[in-house]
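Everything below concerns the one structure shown next.
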Amino acid sequence: AIEYLFPSIRLGTLWTVLGAPVSIGFVAIGITAAVVMTWINVIGIRAAALVQSVITATVLIAGILLIVGAVSFGSLANAEPPIATPATGILTVLIMVPAMMVGFDVIPQSAEEINLPSRRIGWLLVLSLLMAVLWYGAVSFAVSMALDPTALESTSMATADAATSLWNGRWAGTVLIVGGVGGILTSWNAFIIG
Numbered sequence: 017a018i019e020y021l022f023p024s025i026r027l028g029t030l031w032t033v034l035g036a037p038v039s040i041g042f043v044a045i046g047i048t049a050a051v052v053m054t055w056i057n058v059i060g061i062r063a064a065a066l067v068q069s070v071i072t073a074t075v076l077i078a079g080i081l082l083i084v085g086a087v088s089f090g091s092l093a094n095a096e097p098p099i100a101t102p103a104t105g106i107l108t109v110l111i112m113v114p115a116m117m118v119g120f121d122v123i124p125q126s127a128e129e130i131n132l133p134s135r136r137i138g139w140l141l142v143l144s145l146l147m148a149v150l151w152y153g154a155v156s157f158a159v160s161m162a163l164d165p166t167a168l169e170s171t172s173m174a175t176a177d178a179a180t181s182l183w184n185g186r187w188a189g190t191v192l193i194v195g196g197v198g199g200i201l202t203s204w205n206a207f208i209i210g
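Numbering follows my numbering, in which position 160 of the sequence shown is assigned residue number 176; successive positions increment by one, without gaps.
Printed below as a string of structure tokens:
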């Protein structure tokens, strides 16, 4: 995703993992982000919560931009067939689902500090999972309305390319990438908190 924003980020290969090059630029970004996220959490929970709220708002803005663009400028014809054959895309997403749940484990860990009845906390946990499913579904459907199957097969960053296509400008793809990186950072922050 970072390469979408900064195409020249691959400064030099340090090593390869399963044939994929790991470059100095990506390692530098990873180390810097780790130091910053850890520092924010060392400052205290208030700082971490504020950062979490700001980044979550960024993720929401990016997703709403994509969904509004799909409703306004997308085409249902692009979403045909509803389930592609072979269904390798579905299997790919199913493999990634456990990684998408990073952060939800923080809810029960922080439940003792929430001033709500236990039953209500349980309902809020279920509601948050349902909202996540709806969110991922809406984003997936928006992408399918934006790009036809041929475009989807040729893209390396479907959400960003979908937003770029819908809004007819690379700025929209950039907003989506920033939102996607924000999603990673909120999960990372929640992981550190938990």
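For glycine and all other residues, C-beta sits at the position ideal for the given N, C-alpha and C.
Nearest to residue i (by Cα), restricted to the options the options
i    : options                : result
Y152 : A206, G196, A36, N205  : G196
V149 : I56, V113, R186        : V113
T202 : I71, A178, G105, I77   : I71
S39  : I18, A178, W55         : I18
V159 : L141, S24, T180, I111  : T180
A73  : V51, V191, V87         : V191
A86  : W183, A206, I208, I209 : W183
W187 : A78, W139, E96         : A78
A115 : G199, I209, F22        : G199
I106 : I47, T32, F157         : F157
G185 : T101, A206, I208, F89  : F89
Per DSSP, cross-strand counterpart(s) of residue i
i   : result
T29 : S39
Near the ligand PLP: residue i beta-carbon under 7 Å from a heavy atom
i    : result
W187 : Looking at this structure, you won't find the ligand PLP or any other ligand, since it has none at all.
Cβ pair residue i, residue j closer than 8 Å
i    : j    : result
Y20  : I137 : no
L30  : V43  : yes
I83  : A154 : yes
N205 : V75  : no
For this session: For the stretch 119-197, list the alpha helix (DSSP H) runs that are entirely contained and at least 4 residues long, ordered along the chain.
Result: 122-126, 134-162, 165-170, 174-183
For this session: Enumerate, from N- to C-terminal direction, the unbroken alpha helix (DSSP H) stretches of 4 or more residues contained entirely within the stretch 55-93.
Result: 61-89
For this session: Report yes or no: do three or more beta-carbon pairs, one from the stretch 55-71 and one from the stretch 163-180, lie closer than 8 Å?
Result: no
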